[in-house]
Amino acid sequence: MLDVLHLIPTLDRSGAEKQLVLLARGLPRDRFRVAVATLTRLGPLAADLRAAGIPVTPLGKRFKFDPIALARLVGLLRARRCDVLQTWLFAADTYGRVAARLAGVPVVVTAEMAVDLWKGRAERALDRRLAATTDRVVGNSGA
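Right, dumping it as structure tokens:
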């Protein structure tokens, strides 16, 4: 059985968050042990996950760079002996890829849901640098 952790900034009612909930609830329970962690706070969709028996852990990130939240994530990944980390959205992509490397997670998947035109030079450089730690990138497309 594969242990999969999904990491996202919050579980507010938005597109990526809804997709995460659908995916997490839809994975076969006999093949995957699924959990979700949020960087900052939970949000209303956490109840949907918990109702489906999926554990949700808020990491309590308070600052743009919060080493305590990063350490909590590394600890969670190690405690679960996570096989796959899937990250959703830029902040989770950044924290997740760093934490996965530190925790020894064998597979990292990022979900690119849209072109992030807001990203500045620093964010694009960070994305490029961390791309080497990403095993797969999944994205939205028309059916």
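Numbering (the working numbering), first residue to last: 7 to 149. Glycine included, C-beta positions come from ideal geometry on N, C-alpha and C.
* Hey, residue 66 and residue 86: beta-carbon distance below 9 Å or not? -> The count along the sequence shown starts at 1 and reaches residue 66 at position 60. The count along the sequence shown starts at 1 and reaches residue 86 at position 80. No, they are not a contact pair.
* Asked: According to the Cβ coordinates, are residue 144 and residue 111 closer than 9 Å?
  -> Residue 144 sits at position 138 when you count from the first residue of the sequence shown. Residue 111 sits at position 105 when you count from the first residue of the sequence shown. Not closer than 9 Å, so no.
* **Span separating the alpha-carbon of residue 83 from that of residue 109** => Numbered from 1 along the sequence shown, position 77 holds the residue referred to as residue 83. Numbered from 1 along the sequence shown, position 103 holds the residue referred to as residue 109. Taking the straight line from one Cα to the other gives about 6 Å.
* To do: Could you check which residue in 77, 21 and 17 has the C-alpha nearest to that of residue 119?
  => The residue given as residue 119 occupies position 113 in the sequence shown. Checking every option, the nearest Cα to that of residue 119 belongs to 21.
* Helix or strand or just coil, what does DSSP make of residue 145? -> For the purposes of this step, residue 145 is taken as residue 139 along the sequence shown, with counting starting at 1. Note: residue 145 maps to strand in three-state DSSP.
* **Exposed unless 16 or more other CB atoms sit within 10 angstroms - verdict on residue 74** => Walking along the sequence shown from the start, residue 74 turns up at place 68. Under this definition residue 74 is an exposed residue.
* residue 111 - DSSP class collapsed to helix/strand/coil -> Residue 111 sits at position 105 when you count from the first residue of the sequence shown. Note: residue 111 maps to coil in three-state DSSP.
* Every unbroken alpha helix (DSSP H) inside the segment 10-72 [4 residues or more] -> 21-32 and 52-57
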